[in-house]
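Structure, rendered in structure tokens:
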């Protein structure tokens, strides 16, 4: 039975307390030109129903899990390498997840255009669960990396699907508060991830494998709730003629674009990770990777331009002023945040001698301010109807906060690192979900999945690209400082974790080594400040469109399509 057959008839406007959440697109009444740009209806918003909140909470839990999976591995990596004896694979433990998550986000944007949001979201959760189970039970390093890659594919579908469920259940003018909690999941996971990873790893009964097994019961709960309580109408494109063959189905999902995009991003990330560290920038391997990236990315752009109807990133979406500007904003914001989160943890461990778990606890000021400002920004946006003010405030606060973080030294007071974190967190929180509102506001409903997926794509890409860039910058700066310390084994220091510095460095050199680590971390914070400042370019490009009324551009397009 299809989802559409389960949609109950439209009832009176009085509050309902049903056992399922549904949306009747065909009974909405007004013509397409008078509906919100994304096609959401007020009748589908039923906050008095327990089922409504069950669905919302289950979506939040799934989104939190995929955010947690980025960070929980940080404190588990030493134990994982001890299990597999493969230190050379450490980089892939994190990047395999982030790369597949970034690469497959645009593909899921296409899938959500043509197929049921409910079933695609459930399939994504199943993929994520399978990947988590493989990671937990993996007998070898290679199988562990494969599990991380599979989990990343599922995470891509969950991230886009979470927004699509919000689009189906919550009207546009009430959506900022609901979607703001999705953005906050990333901030909370940045603190809870290392703490939970440390607790599991240090437990003699659970071990590091429970960093991944923990996903199974929570994901199972989400699957049950979505299966029984979520009922949405089919997406607009599903009402078109169905493909006759499997080949026709594949063609709808832009296989040529995916074939060009995957090797392009893999080559770029590897080049940024290896250049200047493992290999020189002028080495044939790095040059070959950059050339391959350039050729395949140009080919990807050509495919998207040539076949706009099935493109993952059609020009009509990415070249839209508000969508393109918000994508740039999200890309810079994600890159800056990853620089702050990753290297602030290293600074706490190396400069202040904290454990990974305690470093996570000391990051609470940033996360708390991020959550607080995210809620305030969402409430203000919902009240005034415009999301651009939050986008304009975010780069100012974030760039100043990250810039101040670059002044930290091993002798900095608690007031300094707490205050700087709060300022940076306020900036990130202000723009956490405001950027994604642009696509939901200015695009017609059938293109919202693409716009949403592209926004998540650039967020994941920003993190995936600037983590190796930050690592490259950190390593180069650290080697430069360590080389000035006579008699010190630089290679030994580089192969030692930040928490173990005080165990292997001679006492007479410890102060200089700690100073070098601190200085290298602050170079990355400067990069984060520059990225945060660049967010202003995107913020200034976003149009002032109200979420309380239909987008003229989207309405006009809907009217033209109806006449055609």
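In our numbering, the protein residues as written are 30 to 593. Glycine included, each C-beta is placed from N, C-alpha and C at the ideal position. Here the structure is a predicted model, which is why all the values come from computation and not from measurement.
Skipping 5 residues on each side, what residues in its chain have a beta carbon closer than 8 Å to that of residue i?
i, result
"residue 573", "415 and 417"
"residue 232", "239"
"residue 82", "76"
"residue 344", "333, 334 and 337"
"residue 309", "315"
Taking 6 Å as the limit between beta carbons, can you name the residues of its chain near residue i, skipping five residues before and five after?
i, result
"residue 244", "94 and 161"
"residue 283", "139, 339, 340 and 341"
"residue 504", "306"
"residue 130", "181, 184, 185 and 489"
"residue 577", "202 and 414"
"residue 224", "386 and 389"
Can you tell me the Cβ-Cβ gap for residue i and residue j, rounded? I've got them flagged as a contact below 8 Å.
i, j, result
"residue 386", "residue 104", "7 Å"
"residue 127", "residue 489", "6 Å"
"residue 145", "residue 263", "6 Å"
"residue 367", "residue 492", "4 Å"
"residue 85", "residue 209", "So it is not a contact: roughly 13 Å between Cβ atoms."
"residue 352", "residue 468", "5 Å"
"residue 252", "residue 341", "So it is not a contact: roughly 26 Å between Cβ atoms."
"residue 554", "residue 527", "Rounded, the Cβ-Cβ distance is 16 Å, inconsistent with contact."
"residue 411", "residue 203", "6 Å"
"residue 201", "residue 470", "7 Å"
"residue 399", "residue 454", "4 Å"
"residue 506", "residue 440", "Not a contact, Cβ separation roughly 19 Å."
"residue 458", "residue 564", "Incorrect: roughly 13 Å between the Cβ atoms, too far for contact."
"residue 276", "residue 332", "Not a contact, Cβ separation roughly 17 Å."
Quick one, are the C-beta atoms of residue i and residue j less than 9 Å apart?
i, j, result
"residue 23", "residue 138", "In the structure displayed, the chain extends from 30 to 593; residue 23 sits before or after that span and is not available."
"residue 407", "residue 450", "no"
"residue 123", "residue 496", "yes"
"residue 456", "residue 425", "yes"
"residue 397", "residue 437", "no"
"residue 206", "residue 481", "no"
"residue 350", "residue 499", "no"
"residue 320", "residue 304", "no"
"residue 218", "residue 100", "yes"
"residue 98", "residue 110", "no"
"residue 464", "residue 510", "no"
"residue 322", "residue 300", "yes"
"residue 172", "residue 159", "no"
"residue 237", "residue 250", "no"
"residue 364", "residue 374", "no"
"residue 543", "residue 523", "no"
"residue 297", "residue 318", "yes"
Identify, in the order they occur along the chain, each residue of the same chain with its Cβ nearer than 7 Å to the Cβ of residue i, setting aside the five sequence neighbours on each side.
i, result
"residue 575", "414 and 415"
"residue 125", "174, 177, 178 and 181"
"residue 537", "none"
"residue 452", "426, 429, 430 and 433"
"residue 567", "354, 355, 357, 358 and 361"
"residue 221", "97"
"residue 293", "322, 325, 326 and 329"
"residue 484", "355, 356, 359, 464, 465 and 468"
"residue 519", "508, 511 and 512"
"residue 422", "459"
Count the other CB atoms, across all protein chains shown, that sit within 10 Å of the CB of residue i; report buried if there are 16 or more and exposed otherwise.
i, result
"residue 391", "buried"
"residue 18", "Residue 18 lies beyond the residue range present for the chain, which begins at 30 and ends at 593; the question has no answer from this structure."
"residue 241", "buried"
"residue 192", "buried"
"residue 141", "buried"
"residue 600", "Residue 600 lies beyond the range of the chain shown here (30 to 593); nothing can be said about it."
"residue 516", "exposed"
"residue 334", "exposed"
"residue 594", "The question about residue 594 has no answer here: the residues shown for the chain are numbered 30 through 593."
"residue 68", "Annotation note: pLDDT 45 at residue 68 (below 50); position unreliable, coordinate value reported separately. It is buried - the Cβ of residue 68 has at least 16 other Cβ atoms within 10 Å."
"residue 91", "buried"
"residue 394", "buried"
"residue 256", "exposed"
"residue 135", "buried"
"residue 114", "exposed"
List in chain order: all unbroken beta strand (DSSP E) runs of 3+ residues lying wholly within the segment 161 to 209. Those beta strand (DSSP E) runs which fall completely within the segment 161 to 209 and span 3+ residues do not exist here.
List, from N- to C-terminal side, the alpha helix (DSSP H) runs of 4 residues or more that fit wholly inside the segment 268 to 339. Counting whole runs of 4 or more residues, the segment 268 to 339 contains the alpha helix (DSSP H) stretches 275 to 281, 284 to 303 and 313 to 335.
Going along the chain, which unbroken runs of the alpha helix (DSSP H) with 4 or more residues stay wholly within the segment 427 to 478? You should have 443 to 460 and 463 to 471.
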